[in-house]
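Input: a single structure, listed below in structure tokens.
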Amino acid sequence: MRYKALLVVISSLCILLAACSSNVESDVATDYEKEAHTIIELLYASDFEAVYQRFDTEMQKALPIAKLEELTPVIQEAGEFVSFKKTAVDEKDGLYVVTTVAEYSKEKRVFTLTFDQEKQVKGLFIN
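Under mature numbering (1 follows the signal peptide of the UniProt record, and there is no 0), the residues of the sequence shown are numbered -26 to -1, 1 to 101, in order.
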């Protein structure tokens, strides 16, 4: 009976680990992770022009610099940047979705950035 219970627990853990793993090769994931971190750091530094230049044409139309500047209070109220806590990179339909938890002195923010294969930003969400 203990053997069956142990087998069920091990099987469950394997399934959970497989579900949490990324479907992106390690070196590719690292490249997109670095790009996402750079954009988050640029947002924190209020370098909206540099962020805007990383957008694809559709994002530039949807989120011009004036609208990007409206993110300032959302970022500043979190406090001083401390570190990146967790990052996941997934690929779907040729797009790379990077979800990063950034820790600030007052609270954490979750950033979700979507990139095309040229590493241009196609989506940006901050929670």
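The C-beta atom is built at its ideal place from N, Cα and C for all residues, glycine as well.
Taking the alpha-carbon positions, what's the THR73 to ALA62 distance? Position 99 of the sequence shown, counting from 1, holds the residue named residue 73. Position 88 of the sequence shown, counting from 1, holds the residue named residue 62. Straight-line Cα distance between these residues: approximately 5 angstroms.
Starting from LEU17 and walking both ways along the alpha helix (DSSP H), at which residues does that stretch end? The residue given as residue 17 occupies position 43 in the sequence shown. Per DSSP, LEU17 is one residue of the alpha helix (DSSP H) stretching across -1 to 18.
Provide the residue span of the alpha helix (DSSP H) that contains PHE22, from first to last. Looking up residue 22 in the sequence shown gives position 48. Looking at the DSSP string, the run of the alpha helix (DSSP H) that includes PHE22 is 22 to 27.
Skipping 5 residues on each side, what residues in its chain have a beta carbon closer than 6 angstroms to that of THR86? On the sequence shown, residue 86 is found 112 positions in, with the first residue counted as 1. Correct list, in chain order: THR73, PHE99.
I'd like to check one pair, LEU16 with VAL3: are the Cβ atoms closer than 9 angstroms? Taking the first residue of the sequence shown as position 1, residue 3 is located at position 29. Taking the first residue of the sequence shown as position 1, residue 16 is located at position 42. According to the sequence displayed, residue 3 carries Ala and not Val. The answer is no: Cβ separation not under 9 angstroms.
DSSP-derived helix/strand/coil call for SER(-6): By one-based count along the sequence shown, residue -6 stands at place 21. Because the pLDDT of SER(-6) is 44, which lies under 50, any placement of that residue in the model is unreliable, and the number read from its coordinates should be weighed accordingly. Correct three-state label for SER(-6): coil.
To the nearest angstrom, how far is the alpha carbon of ILE14 from that of VAL84? The residue given as residue 14 occupies position 40 in the sequence shown. The residue given as residue 84 occupies position 110 in the sequence shown. Distance between the alpha carbons of ILE14 and VAL84 is about 10 angstroms.
Residues of its chain near THR88, where Cβ-Cβ distance is below 6 angstroms and the 5 sequence neighbours each way are ignored: If you number the sequence shown from 1, residue 88 lands on position 114. Taken in chain order, the residues that qualify are LEU69, VAL71, LYS96, GLY97.
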